[in-house]
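What follows is a single structure, written as structure tokens, with notes after it.
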Amino acid sequence: MSGTNSPSFWSGRRIRFGFSSGLLTPIQGLSLLAAIALFLSFLSPGEVRGWDTLLPFVQRSFFPKVLVILLGIAGLQLGNAERRWIIPHATPRTRAIRLLFLTLFLASIFMPFLILSAAKDGASAVGAAAAAFYLWGITIAFTGAGYAAAGLAQSDGANLLLRFGFFFTAVLILHIFLPWCSPLITVSYVWNTGRLGIGFWSVVGLDLSIVGWWCWKFSTVRYERFGFTED
Amino acid sequence: MPEVTGSSPVGSTIIVLLFLLPSWALGANLEATLGWQGVPVDGAVNPLYVRIANPNPDVLRGTLTISQRIGSLWRGWAERTLELALVLPPRRSSTYLLPWPLHPGEHTLHLSLRNQAGALAEAELSLTTPMEGLAGYIGPPPGDLPPQPSIPLAPSQLSSDPLLLSPFRDLYLGGFSLPPELRETLPAWKSFLREPSPRSFLEREVFAKALGEIPLTRRPLGIIAAGTLLYLGALYFAVGRLCREGNWRIYLVVSLIAMGGSLLGTAYIPGERAVEAWWEIRDVRAPAYSLYFVALATKEDVEWELPGFWIELLPTEESSWSGRDLTWVFAFGDKRSSLTIAPGRERILWTIAPRGKTPVEERFFVTLEGILTPDGRVLSRESFRRGLRRGLRPVVEKLLDYLSPGDAICLGYRREEGKAYVRHEFTVLLERTEN
Numbered sequence: 104m105s106g107t108n109s110p111s112f113w114s115g116r117r118i119r120f121g122f123s124s125g126l127l128t129p130i131q132g133l134s135l136l137a138a139i140a141l142f143l144s145f146l147s148p149g150e151v152r153g154w155d156t157l158l159p160f161v162q163r164s165f166f167p168k169v170l171v172i173l174l175g176i177a178g179l180q181l182g183n184a185e186r187r188w189i190i191p192h193a194t195p196r197t198r199a200i201r202l203l204f205l206t207l208f209l210a211s212i213f214m215p216f217l218i219l220s221a222a223k224d225g226a227s228a229v230g231a232a233a234a235a236f237y238l239w240g241i242t243i244a245f246t247g248a249g250y251a252a253a254g255l256a257q258s259d260g261a262n263l264l265l266r267f268g269f270f271f272t273a274v275l276i277l278h279i280f281l282p283w284c285s286p287l288i289t290v291s292y293v294w295n296t297g298r299l300g301i302g303f304w305s306v307v308g309l310d311l312s313i314v315g316w317w318c319w320k321f322s323t324v325r326y327e328r329f330g331f332t333e334d
Numbered sequence: 123m124p125e126v127t128g129s130s131p132v133g134s135t136i137i138v139l140l141f142l143l144p145s146w147a148l149g150a151n152l153e154a155t156l157g158w159q160g161v162p163v164d165g166a167v168n169p170l171y172v173r174i175a176n177p178n179p180d181v182l183r184g185t186l187t188i189s190q191r192i193g194s195l196w197r198g199w200a201e202r203t204l205e206l207a208l209v210l211p212p213r214r215s216s217t218y219l220l221p222w223p224l225h226p227g228e229h230t231l232h233l234s235l236r237n238q239a240g241a242l243a244e245a246e247l248s249l250t251t252p253m254e255g256l257a258g259y260i261g262p263p264p265g266d267l268p269p270q271p272s273i274p275l276a277p278s279q280l281s282s283d284p285l286l287l288s289p290f291r292d293l294y295l296g297g298f299s300l301p302p303e304l305r306e307t308l309p310a311w312k313s314f315l316r317e318p319s320p321r322s323f324l325e326r327e328v329f330a331k332a333l334g335e336i337p338l339t340r341r342p343l344g345i346i347a348a349g350t351l352l353y354l355g356a357l358y359f360a361v362g363r364l365c366r367e368g369n370w371r372i373y374l375v376v377s378l379i380a381m382g383g384s385l386l387g388t389a390y391i392p393g394e395r396a397v398e399a400w401w402e403i404r405d406v407r408a409p410a411y412s413l414y415f416v417a418l419a420t421k422e423d424v425e426w427e428l429p430g431f432w433i434e435l436l437p438t439e440e441s442s443w444s445g446r447d448l449t450w451v452f453a454f455g456d457k458r459s460s461l462t463i464a465p466g467r468e469r470i471l472w473t474i475a476p477r478g479k480t481p482v483e484e485r486f487f488v489t490l491e492g493i494l495t496p497d498g499r500v501l502s503r504e505s506f507r508r509g510l511r512r513g514l515r516p517v518v519e520k521l522l523d524y525l526s527p528g529d530a531i532c533l534g535y536r537r538e539e540g541k542a543y544v545r546h547e548f549t550v551l552l553e554r555t556e557n
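Protein sequence lines correspond, in order, to chains A and B.
First residue of the first sequence: 104, per our numbering; consecutive thereafter.
First residue of the second sequence: 123, per our numbering; consecutive thereafter.
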């Protein structure tokens, strides 16, 4: 059962689990941005001239907020790329597991940075773990959004507009009009207090809804009709 | 020259409003006067006399709250509040002497006396235009009084709190012997508040600059940068292999090593929320008191509390006073100052309090050639400044302008680290030869 893009990647002696090369550049770029944000958050007075100007950007919970943005973008890219990634003979269940695994992989890339940031901010172990879980939840939600956008939009331009239109709506509009479920506020709350508020459970609920809808939608239908081949 | 007598407070109008109370209480009387002989002085800590009468047959337990809005449309508005917990026996009155620093703002102080049942009395104290300084004298008026308003004083009137003497530019004591408690107070006023004083030439900018020199923590930035670059390189390689060949084992190894390294690194990265920098200025001529400055900075909004009564040095930029609220809480001998610190809005405050216990370690003499160090070298002022500890340079640089050849300056330092803060305590002892 082995081979490139095998649907049963957990079985067999050699586990092979590739993904679209279109994801490489976003992963590299976003991890570099995360590294820069982490370094910036570590700076303090005496080390940088004009530190006062930097202060609003490097306050406590700055880094988890940056990760909300970066993992949101990464999730959108992943969903978009996965919709176009053909897996021969794959079942929807296999695809769902693969997507969940890939979101976990994306979130794990940033975890070493998150651990350092938790130490710097003095965040509790519970707060850091809850924030990490929340960030994974955000990645799943945006992956679902990217996947849906790739199916709805016919052209690359429309796809791009739809994806990032959704992204800005989810991040900025919620921040202004529905702050109780704003990802930026929620991650800060979870990080600082170690408590799971309504924003946290909103994302858990959203993720469960996406997975539930997926199971219901593809319980009887094969879905290769969505895909097209990539070199 | 204008002279103010003690019999009538000039310009301070008191409006006392008595409130109807529940049947078990008759209310209370509240009267207030601000300033020595009712003359408030701008930029100084004025004495605020509050007389409270309890006509009830029961003990009065309540809180007196005094508040003033300071600022302007251009500066922005901030609130100053003093809360005094008090107990007054039945059918008795008492006068409380409280410190009240005057800043430009609304010309009204609001006073409110409350207990658990609600308001007992409220009053408003309207202020006249404050003076720039006072001269005080005991006995007959001296012949060479300065041009500022002068006030006759009795030795018993002078406060044992040096802060309350800050409205005076000059004090003429004649030949009168002072009560024992004032023998420590007056040298403190003379050393720290009488012009030209360290309080006036050590301006806010000096401490803002000094605070800017102090890192919030000593963070291993080099190791973090090197580790991050190493991780990114390994990550790019592992993700490339994972993408092209589907081989996730390399990524797993890289990820586990990176997370293990991060967990290990947490042992060397202290978490913190605020930095407190204290500067204690001592003077050999005032052995009982010190002039203290404290600067507070943070990376997040936090409620902070300082022991004692502190006065804020306010910035001068547009809108910079907005949100700089300060509350003083006095409760049965305990004094605390409570304020909020926010990122980018450091708070700098000063006070005069009993001398601290931090020892001074090194003595430097000011000479005509430069600064004589304990090991016998003579340094230029610039070399001396560069060799000082971070956080001390701007303060010592300013103090050196104030010292003359023959004077000495002694320095000390102590660092204290708590879970949520780091405190730097700088001590400067001035040994001045001039009178």
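A virtual CB, placed ideally from N, CA and C, is assigned to each residue, including glycine.
Small disclaimer: the values here were computed from a predicted structure and weren't measured.
Residue i - containing beta strand (DSSP E), residue span
i: Thr420 (chain B); result: Ala408 to Thr420
i: Gln190 (chain B); result: Leu182 to Ser194
i: Leu247 (chain B); result: Gly240 to Ser248
i: Gly355 (chain B); result: Per DSSP, Gly355 (chain B) belongs to no beta strand (DSSP E); it is in the alpha helix (DSSP H), Leu343 to Glu367.
i: Tyr390 (chain B); result: Careful: Tyr390 (chain B) lies outside any beta strand (DSSP E) and carries neither H nor E.
For residue j and residue i, believed in contact at Cβ under 8 Å, the rounded distance
i: Leu324 (chain B); j: Phe415 (chain B); result: 7 Å
i: Glu449 (chain B); j: Ser460 (chain B); result: One point to set straight first is that residue 449 (chain B) is Thr, not Glu, in the sequence displayed. The Cβ separation is near 5 Å, so the contact holds.
i: Arg477 (chain B); j: Pro527 (chain B); result: 26 Å between Cβ atoms; not a contact.
i: Ile243 (chain A); j: Leu179 (chain A); result: Not confirmed; about 12 Å, so no contact.
i: Ile212 (chain A); j: Leu357 (chain B); result: 7 Å
i: Thr246 (chain A); j: Leu173 (chain A); result: Thr246 (chain A) to Leu173 (chain A), Cβ: 14 Å. No contact.
i: Ala88 (chain A); j: Leu299 (chain A); result: Beyond the ends of chain A as shown, which are 104 and 334, falls residue 88 (chain A); an answer cannot be given.
Interface flag, residue i vs chain A, CB-CB below 8 Å
i: Arg305 (chain B); result: no
i: Leu152 (chain B); result: no
i: Val341 (chain B); result: One point to set straight first is that residue 341 (chain B) is Arg, not Val, in the sequence displayed. Yes - at least one Cβ of chain A is within 8 Å of the one on Arg341 (chain B).
i: Met89 (chain B); result: The requested residue 89 (chain B) does not occur in the structure, where chain B is confined to residues 123 to 557.
i: Ile74 (chain B); result: With chain B represented from 123 up to 557, any question about residue 74 (chain B) goes unanswered, as that position is not in the structure.
i: Gly387 (chain B); result: yes
i: Ile565 (chain B); result: What the structure shows of chain B is the stretch from 123 to 557, and residue 565 (chain B) is not part of that stretch, so it cannot be assessed.
i: Ile391 (chain B); result: yes
i: Ser384 (chain B); result: yes
i: Ser377 (chain B); result: yes
Minimum Cβ-Cβ distance from residue i to chain B less than 8 Å
i: Ala138 (chain A); result: yes
i: Leu209 (chain A); result: no
i: Ala222 (chain A); result: yes
i: Pro215 (chain A); result: yes
i: Ile218 (chain A); result: yes
i: Phe271 (chain A); result: no
i: Ile212 (chain A); result: yes
i: Phe142 (chain A); result: yes
i: Phe236 (chain A); result: no
i: Phe245 (chain A); result: no
i: Phe303 (chain A); result: no
Own chain residues within Cβ distance below 7 Å of residue i, not counting five before or after
i: Pro516 (chain B); result: Val328, Lys331 and Ala332
i: Ser216 (chain B); result: Ile174 and Leu210
i: Thr495 (chain B); result: Phe486 and Leu501
Endpoints, the alpha helix (DSSP H) within which residue i is located
i: Phe314 (chain B); result: Leu304 to Phe314
i: Lys572 (chain B); result: The requested residue 572 (chain B) does not occur in the structure, where chain B is confined to residues 123 to 557.
i: Leu202 (chain A); result: Pro195 to Asp224
i: Cys318 (chain A); result: Ile301 to Lys320
i: Val144 (chain A); result: What sits at residue 144 (chain A) in the sequence shown is Ser, not Val. It spans Leu127 to Phe145 - the alpha helix (DSSP H) in which Ser144 (chain A) sits, taken as one unbroken run.
Same chain, Cβ closer than 6 Å to residue i, neighbours up to 5 away in sequence not counted
i: Thr203 (chain B); result: Ser189 and Thr449
i: Glu402 (chain B); result: Ser412, Tyr414, Gly478 and Thr549
i: Tyr218 (chain B); result: Val172
i: Thr194 (chain A); result: none
i: Leu143 (chain B); result: At Leu143 (chain B), the pLDDT of 40 sits below 50, so the modelled position is not reliable; the number obtained from the coordinates is stated separately. Correct list, in chain order: Gly149.
i: Ile470 (chain B); result: Arg326, Phe329, Ala417 and Leu435
i: Leu551 (chain B); result: Arg404, Val482 and Cys532
Proximity test, Cβ basis, 8 Å: residue i and chain C
i: Phe267 (chain A); result: Considering every chain present, this structure includes no chain C. Its protein chains are A and B.
Residues near residue i by beta carbon distance below 8 Å, same chain, minus five either side
i: Glu491 (chain B); result: Val500
Interface positions of the segment 346 to 370 of chain B facing chain A (Cβ-Cβ less than 9 Å), listed along the chain: Ile346, Ala347, Gly349, Thr350, Leu351, Tyr353, Leu354, Leu357, Tyr358, Val361, Gly362, Leu364, Cys365, Arg366, Glu367, Gly368, Asn369 and Trp370
Near-chain B residues of the segment 166 to 180 of chain A (beta-carbon distance less than 9 Å), N- to C-terminal order: For the segment 166 to 180 of chain A, the set of positions with a beta-carbon nearer than 9 Å to some beta-carbon of chain B is empty.
Chain B contacts from the segment 277 to 289 of chain A (Cβ-Cβ distance under 8 Å): none
Interface residues of the segment 121 to 134 of chain A facing chain B [CB-CB below 9 Å]: Gly121, Phe122, Ser123, Ser124, Leu126, Leu127, Ile130, Gln131 and Ser134
Interface residues of the segment 310 to 322 of chain B facing chain A [CB-CB below 7 Å]: none
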